[in-house]
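Visitor: Top line first, the protein sequences correspond to chains V and G.
Under my numbering, the first residue of the first sequence carries the number 104, and numbering increases by one thereafter.
Under my numbering, the first residue of the second sequence carries the number 74, and numbering increases by one thereafter.
Handing you this structure, nothing more for now.
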Amino acid sequence: DQQVKQNSPSLSVQEGRISILNCDYTNSMFDYFLWYKKYPAEGPTFLISISSIKDKNEDGRFTVFLNKSAKHLSLHIVPSQPGDSAVYFCAASASSGGSNYKLTFGKGTLLTVNP
Amino acid sequence: NAGVTQTPKFQVLKTGQSMTLQCAQDMNHNSMYWYRQDPGMGLRLIYYSASEGTTDKGEVPNGYNVSRLNKREFSLRLESAAPSQTSVYFCASSEETGGYNEQFFGPGTRLTVL
Chain V
104 DQQVKQNSPS LSVQEGRISI LNCDYTNSMF DYFLWYKKYP AEGPTFLISI
154 SSIKDKNEDG RFTVFLNKSA KHLSLHIVPS QPGDSAVYFC AASASSGGSN
204 YKLTFGKGTL LTVNP
Chain G
74 NAGVTQTPKF QVLKTGQSMT LQCAQDMNHN SMYWYRQDPG MGLRLIYYSA
124 SEGTTDKGEV PNGYNVSRLN KREFSLRLES AAPSQTSVYF CASSEETGGY
174 NEQFFGPGTR LTVL
C-alpha cells in the first residue's frame with residue numbers, strides 16, 4: 104500500500120523553463136509534507152516543506168503547492184537550472200496517530216534539466 | 074561541522090556474514106534513523122531512535138539490529154547477511170522526532186551481499 108505516490112519516474116525540461124514535479128497521497132492523516140533532493144552518491148537533502156494549514160510555500164526558485172481536497176502536492180522550480188538535475192523525493196508525515204516519528208517517502212522523480 | 078557521517082562507504086559481504094554500519098552526527102540531535110533505499114523505491118525506515126537510550130522498529134526491521142551508543146552514534150548491525158539486504162543504507166538525524174523536524178542524511182553505505 105503506497106501512501107505517497109510519485110507517478111512520474113522521470114521528467115526532462117529545458118534550462119530556464121518551469122519544472123513541475125507531482126506527488127499524490129492517500130493517508131488523510133498526513134499533515135506535513137516535505138521535498139528532498141538527492142544527487143548520485145549523496146544522501147538526500149531537505150529542499151522545502153509545507154504544513155497542511157497552508158496551500159503554498161515559496162523559497163526562492165522553489166514553490167510547493169498543496170491541494171488537500173485532491174490529496175495532491177506539486178513542486179515548481181522556476182527557472183530550472185542544470186544544477187537542479189537530481190532525484191526529487193516527496194515525503195509526508197502525520198502529527199497524530201502514533202506515527203509522528205515517521206516520514207513516508209515516494210519513489211522519487213528523476214529531473215533532468217537540459218542546457 | 075561534518076553533519077552526519079557514515080562508515081563504510083562501500084561493503085561487499087557473503088551470505089551469512091555479519092557487519093555493523095556506523096553512523097555519527099555532530100549536530101546534537103536527539104533523534105536518529107536508519108533507512109534503506111532499493112532501486113525504484115523510496116526510502117524505507119528500518120529502525121529509529123527518538124532519543125538516547127531508546128530504539129524502535131520502523132517499517133522493515135527484520136534481519137537488523139541497532140544500538141544507540143550515545144547521543145552522537147547510532148549503529149546498524151546485520152547478524153547474518155542475505156542477498157535481499159543488498160541496498161543503499163542511509164542514516165539520518167533530526168532535533169526531535171516528528172515529520173516537521175527536518176532530517177539530515179548521511180552520504181550512504183552501498184552494501185552488496187553475494
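Heads up, the beta-carbon is just placed ideally off N, CA and C, and yes, glycines get one too.
From Asn143/G, Ile119/G and Gly89/G, pick the residue whose C-alpha is nearest to that of Asn101/G; which is it?
Guide: In the second sequence, residue 101/G corresponds to position 28, counting from 1. Closest by alpha carbon: Asn143/G.
Visitor: Note down the Cα distance separating Val139/G from Val167/V, rounded to an integer number of angstroms.
Guide: As a first step, residue 139/G is located in the second sequence; it is residue number 66 there, counting from the start. As a first step, residue 167/V is located in the first sequence; it is residue number 64 there, counting from the start. Taking the straight line from one Cα to the other gives about 35 Å.
Visitor: Among Leu169/V, Asn130/V and Thr148/V, which residue has its Cα nearest to the Cα of Ile156/V?
Guide: Residue mapping note: residue 156/V aligns to position 53 of the first sequence, counting from 1. Closest by alpha carbon: Leu169/V.
Visitor: So is Gly76/G in contact with chain V if we call contact Cβ pairs under 7 Å?
Guide: Position 3 of the second sequence, counting from 1, holds the residue named residue 76/G. No, no contact with chain V.
Visitor: So is Ser183/V buried or exposed if we call it buried at 16+ other beta carbons inside 10 Å?
Guide: The residue you call residue 183/V lines up with position 80 of the first sequence. Ser183/V comes out buried.
Visitor: Please report the distance separating the alpha-carbon of Gly171/G from that of Ile121/V.
Guide: For this step, residue 171/G is matched to residue 98 along the second sequence. For this step, residue 121/V is matched to residue 18 along the first sequence. Those two C-alpha atoms are separated by around 32 Å.
Visitor: So, Lys140/V versus Leu150/V, is the Cβ gap smaller than 7 Å?
Guide: Here the question's residue 140/V lines up with position 37 in the first sequence. Here the question's residue 150/V lines up with position 47 in the first sequence. Yes, Cβ-Cβ distance for Lys140/V and Leu150/V is below 7 Å.
Visitor: Let me know if Tyr120/G comes out buried or exposed under the rule of 16 or more other beta-carbons within 10 Å of its beta-carbon.
Guide: Here residue 120/G corresponds to residue number 47 of the second sequence, with the count starting at 1. Label assigned to Tyr120/G: buried.
Visitor: Leaving out five residues before and five after Tyr135/V in sequence, what residues of the same chain have Cβ atoms less than 6 Å from its Cβ?
Guide: For the purposes of this step, residue 135/V is taken as the residue at position 32 of the first sequence. Excluding residues within five positions, the ones whose Cβ falls inside 6 Å are Ser154 and Ser196.
Visitor: Residues of chain G with a CB under 9 Å from the CB of Glu145/V: which are they?
Guide: Residue 145/V sits at position 42 when you count from the first residue of the first sequence. Going along chain G in sequence order, the residues near Glu145/V (Cβ under 9 Å) are Phe178, Pro180 and Gly181.
Visitor: Rounding to the nearest angstrom, what Cα-Cα distance links Ala97/G and Ser198/V in this structure?
Guide: Here the question's residue 97/G lines up with position 24 in the second sequence. Here the question's residue 198/V lines up with position 95 in the first sequence. About 27 Å.
Visitor: Please check the pair Val85/G and Thr182/G, which I expect to be a contact at CB under 8 Å, by giving their CB distance rounded to whole angstroms.
Guide: Sequence index remark: in the second sequence, residue 85/G carries index 12 (1-based). Sequence index remark: in the second sequence, residue 182/G carries index 109 (1-based). So it is not a contact: roughly 12 Å between Cβ atoms.
Visitor: What does the alpha-carbon distance come out to for the pair Phe208/V and Gly115/G?
Guide: Here residue 208/V refers to the residue found at position 105 of the first sequence. Here residue 115/G refers to the residue found at position 42 of the second sequence. Rounded to whole angstroms, Phe208/V to Gly115/G spans 5 Å at the Cα level.
Visitor: Using the C-alpha atoms, what's the distance from Pro112/V back to Ala144/V?
Guide: On the first sequence, position 41 is the one that residue 144/V refers to. On the first sequence, position 9 is the one that residue 112/V refers to. Answer to the nearest angstrom: the Cα atoms are 19 Å apart.
Visitor: For Asp115/G, decide whether its Cβ has a neighbour in chain V, counting only Cβ atoms nearer than 7 Å.
Guide: Residue 115/G sits at position 42 when you count from the first residue of the second sequence. First, the amino acid is wrong: residue 115/G is Gly here, not Asp. Under the 7 Å criterion on CB atoms, Gly115/G is classed as interfacial with respect to chain V.
Visitor: Give the range of the beta strand (DSSP E) segment to which Tyr173/G is assigned.
Guide: Stepping through the second sequence from its first residue, residue 173/G is reached at position 100. Looking at the DSSP string, Tyr173/G is not in any beta strand (DSSP E), and its letter there is neither H nor E.
Visitor: Taking buried to mean at least 16 other C-beta atoms within 10 Å of its own C-beta, is Ala165/G buried or exposed?
Guide: Translated into positions along the second sequence, residue 165/G becomes position 92. Answer is buried; the Cβ neighbour count reaches 16.
Visitor: When we look at the beta-carbon of Tyr137/G and count the other beta-carbons within 10 Å, is it buried (16 or more) or exposed?
Guide: On the second sequence, position 64 is the one that residue 137/G refers to. Buried.
Visitor: DSSP on Gln84/G, reduced to helix/strand/coil?
Guide: As a first step, residue 84/G must be located in the second sequence, where it is residue number 11. In the structure shown, Gln84/G sits in a strand (DSSP, three-state: E or B).
Visitor: Please classify Tyr108/G as buried or exposed, where buried requires at least 16 other C-beta atoms within 10 Å of its C-beta.
Guide: For the purposes of this step, residue 108/G is identified with residue 35 of the second sequence, where counting begins at 1. Buried, since its Cβ has 16 or more Cβ neighbours within 10 Å.
Visitor: Give the DSSP-derived three-state secondary structure of Gln117/V in the structure shown.
Guide: Walking along the first sequence from the start, residue 117/V turns up at place 14. It is a strand residue.
Visitor: So, helix, strand or coil for Ser124/G, using DSSP?
Guide: Working through the second sequence from its first residue, we reach residue 124/G at position 51. Coil at Ser124/G, not helix or strand.
Visitor: Closest to Phe133/V by CA distance: which of Val116/V, Glu161/V and His175/V is it?
Guide: By one-based count along the first sequence, residue 133/V stands at place 30. If we check each option's Cα against that of Phe133/V, His175/V comes out closest.
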